[in-house]
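Here full-length UniProt numbering is used: the first residue of the sequence shown is 1, the next is one more, and so on.
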Amino acid sequence: MCFSAPPTAPEPREGTVPSIDDRVREFARTQPDRVAVIGTATSITWGELDAAADRAAAFLAGRGVGPGDRVGWLGRNDVAYPVLLLGAWRRRAVLAGLNWRLDPSELRPVLDSVEPALLVADARSAGLAEPDHVVPDGDPPWSDGPIDPDAILVPEPGDAALLFFTSGSTGAPKGVLLDRGPNDACYTMPMPFAMAPSSTALIVPPVFHVAGSCWVQMALASGTTQLFLADAAPASIVRALRYHRVTHALMVPTLIKTVLDELSRTGAALPDLRHIAYGSMPIPRPLLEAAVKVLAGVGFTQAYGLTEAGGLCAHLEPSDHVLDDPDGRLGATGRPIPGVRFTVVRPGTGEECAPGEQGEVVIASDFMMRGYWRDPARTGEVLDAAGRLRSGDLGHLDADGYLHIAGRADDMIITGGENVHPAETERTIMALPGVVETAVFGVPDEHWGQRVCAAVVTDAGLTPAEVIGFCRSRMAHYKCPSEVIVVPSLPRTPTGKISRSRLRGLAAP
């Protein structure tokens with residue numbers, strides 16, 4: 001990519017903290033030749049990234065994009081994403097991450113809701129919609145365009161920054177609108193995994209979800225090189241971790257297992273890896289213990305959050321990942337990050353629970369969403385008068401302020417008058433060797449009200465009877481599945497969450 005000096009950046013407003021964009025400008029001055037982003041077909045330095053963002057802003061301005069407009073990104077994790085993100089912000093526009101896994105019929109209502117002023121897609125996703133511009137595997141359409149200082153706008157208080165779409169296990173995706181000031185404040189604060197200009201971060205989760213995007217933003221704010229991969233095969237991931245000397249990685253638990261299996265198969269080591277952040281789904285205790293043992297020099301951080309609360313809410317820090325675990329913290333979700341406060345309340349009454357008492361987790365966050373996109377009624381269902389979020393998660397706070405999540409309130413199974421948390425039964429099933437993945441759900445039962453069922457993915461030919469017997473030897477029988485369905489994979493919604501409604505259709509009537 002060609003590079004020319006960027007225009008003078010607008011100065012931050014007095015009394016404000018430096019924004020993510022301010023940090024990018026700074027790194028373009030202090031380390032212009034250091035690699036900022038490694039993509040699937042190209043890489044760019046910090047100087048090139050800053051100039052490319054200015055060109056993207058001029059490109060957007062030339063197509064009429066201005067403050068408050070939405071710019072849609074329909075594409076994989078690649079160099080174009082951070083460039084377009086910064087370019088949109090420099091126009092005071094909102095970047096809307098769009099899910100390329102959707103069917104065109106599912107994507108259309110999302111696009112109708114977003115009404116993007118400009119839709120940009122990568123070559124592999126262009127067929128899902130009618131994008132205004134397609135980013136090829138090489139340079140994007142703005143790469144050789146001019147830099148126009150007049151296209152760079154000074155951000156204003158109250159500017160929106162990002163639009164993400166999220167959903168539960170059923171229902172259409174909900175748009176979550178995040179404001180720029182709180183977003184900047186969240187991802188420029190110190191984090192326990194301490195990214196730095198000397199770090200390289202592998203970002204695997206898709207950037208149309210808040211988890212992938214937040215790591216892009218933390219890398220931008222810390223001067224870290226970010227790495228995107230086109231191939232998520234186990235051998236390719238381990239090879240990339242070694243070749244690029246990755247120090248930080250964001251992984252879901254299934255990917256951690258994939259990496260451990262590949263290391264065991266090949267005997268390879270990851271001497272440069274210093275930190276793994278994990279989340280998005282519960283991690284089985286045996287898998288976490290194996291990861292801590294095999295990757296002995298790696299610090300682990302569990303991240304907990306909700307898109308509605310700005311993304312990040314809590315961390316279980318590396319110092320809490322102690323295998324003998326005398327305080328029981330390895331099973332906790334973590335403690336709130338600065339700016340976030342947890343309260344656990346009794347469902348129905350809203351009264352605050354005592355430490356150790358289970359209830360619904362309510363979140364107060366300095367980084368809270370503005371609301372659901374164009375849906376004030378739904379916003380009012382989850383945000384109270386004080387702006388606190390009803391998370392829908394059941395859990396408790398211990399005496400030291402650690403949050404422990406039991407599961408989703410709407411996933412609770414009531415069988416014979418007893419409450420069964422699917423997550424508890426899932427943890428037991430995952431302790432059985434040969435189980436790759438599982439989901440526990442309830443189905444109607446004339447006698448018990450509901451009965452407990454489990455879908456299991458196995459790589460060892462396990463039978464339903466073996467799974468049921470294993471559970472009955474380790475937990476109260478009412479918590480154990482009465483029916484186990486062995487499946488090749490768990491059905492998921494377009495946003496990647498397990499579809500329990502589809503699983504219920506597999507159970508015996």
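The beta carbon of each residue, even a glycine, is placed where N, CA and C say it ideally should be. Note that the structure is a prediction, hence the values are computed from the model and not measured.
Three-state secondary structure (DSSP) of residue i
i: Glu-289; result: helix
i: His-244; result: coil
i: Pro-444; result: strand
i: Met-218; result: helix
i: Ser-319; result: helix
i: Met-195; result: coil
i: Tyr-372; result: strand
i: Lys-479; result: helix
i: Leu-397; result: strand
i: Met-251; result: strand
i: Gly-175; result: strand
i: Cys-313; result: coil
i: Glu-418; result: strand
i: residue 513; result: This structure leaves residue 513 out entirely; the chain is present only between 1 and 509.
i: residue 523; result: Since the first residue of the chain shown is 1 and the last is 509, residue 523 is not available in this structure.
i: Leu-107; result: helix
i: Arg-378; result: helix
i: Thr-493; result: coil
i: Arg-180; result: helix
i: Thr-438; result: strand
i: Glu-352; result: strand
i: Arg-408; result: strand
Sequence-distant residues of its chain with Cβ nearer than 6 Å to residue i (five each side left out)
i: Ala-121; result: Leu-74, Gly-75, Pro-131, Val-134
i: Pro-141; result: His-133
i: Leu-119; result: Gly-72, Pro-131, Asp-132
i: Ile-485; result: Ala-455, Leu-506
i: Ala-230; result: Thr-40
Rounded separation between residue i and residue j - CA only
i: Ala-454; j: Pro-146; result: 58 Å
i: residue 532; j: Pro-157; result: There is simply no residue 532 to check, as the chain begins at 1 and stops at 509 in what is shown.
i: Gly-175; j: Leu-163; result: 6 Å
i: Leu-128; j: Gln-358; result: 44 Å
i: Leu-394; j: Asp-384; result: 18 Å
i: Gln-31; j: Gly-279; result: 32 Å
i: Arg-70; j: Gly-181; result: 17 Å
i: Ala-56; j: Glu-48; result: 12 Å
i: Leu-153; j: Val-210; result: 25 Å
i: Pro-253; j: Pro-286; result: 11 Å
i: Asp-22; j: Phe-367; result: 19 Å
i: Ala-386; j: Phe-342; result: 14 Å
i: Pro-336; j: Tyr-304; result: 9 Å
i: Ala-399; j: Val-345; result: 16 Å
i: Pro-444; j: Gly-505; result: 11 Å
i: Ala-61; j: Ser-198; result: 34 Å
i: Ala-377; j: Ala-406; result: 28 Å
Own chain partners of residue i with C-beta closer than 7 Å, once the 5 adjacent residues on each side are dropped
i: Ser-169; result: Low per-residue confidence applies at Ser-169: pLDDT is 45, beneath 50, and the placement is therefore not dependable enough to give any value.
i: Glu-338; result: One detail in the question is off: residue 338 reads as Pro in this sequence, not Glu. Met-189, listed in sequence order.
i: Ser-125; result: Leu-74, Gly-75, Trp-100
i: Tyr-187; result: Ile-20, Cys-214, Gln-217, Met-218, Ala-221
i: Pro-318; result: Pro-192, Gly-299, Phe-300, Thr-301
i: Pro-136; result: Ala-123
Host beta strand (DSSP E) of residue i (start-end)
i: Asp-122; result: 118-122
i: residue 515; result: Outside the modelled stretch of the chain, which goes from 1 to 509, sits residue 515, for which no answer is possible.
i: Phe-165; result: 160-166
i: Gly-299; result: 299-304
i: Val-94; result: 94-98
i: Arg-388; result: From DSSP, Arg-388 is part of no beta strand (DSSP E); its letter is neither H nor E.
Of the residues the options, the one placed nearest residue i, counting alpha carbons only
i: Ala-507; options: Ala-439, Ala-309, Leu-462; result: Ala-439
i: Pro-491; options: Gly-395, Arg-239, Val-456, Pro-141; result: Val-456
i: Asn-183; options: Thr-254, Ala-160, Ala-123; result: Ala-160
i: Ala-96; options: Glu-115, Asn-419, Ser-222; result: Glu-115
i: Val-207; options: Gln-217, Ser-199, Thr-200, Ser-198; result: Gln-217
i: Phe-228; options: Thr-463, Val-37, Arg-451; result: Val-37
i: Asp-144; options: Phe-59, Leu-98, Val-204; result: Phe-59
i: Glu-466; options: Phe-441, Ala-406, Ala-431; result: Ala-431
i: Asp-78; options: Arg-341, Gly-297, Leu-202, Arg-390; result: Leu-202
i: Arg-239; options: His-248, Leu-270, Gln-226; result: Leu-270
i: Thr-463; options: Glu-483, Glu-106, Arg-92; result: Glu-483
i: Gly-297; options: Gly-310, Pro-284, Leu-312, Leu-273; result: Leu-273
i: Met-195; options: Cys-480, Leu-250, Ala-460, Ala-354; result: Leu-250
i: Gly-66; options: His-421, Cys-471, Val-94; result: Val-94
The ligand GTP heavy atom lying under 8 Å from the CB of residue i
i: Pro-18; result: What this structure holds is no ligand at all, so the ligand GTP is not there to describe.
Limits of the alpha helix (DSSP H) - the one that residue i falls within
i: Val-467; result: 464-472
i: Glu-26; result: 20-30
i: Leu-49; result: 46-62
Cβ neighbours of residue i in the same chain (closer than 8 Å, five flanking residues each side left out)
i: Ala-475; result: As written in the sequence, residue 475 is Met, which differs from the Ala given in the question. Counting only Cβ-Cβ distances below 8 Å, and skipping sequence neighbours, we find Glu-424, Thr-425, Thr-428.
i: Pro-109; result: Ala-172
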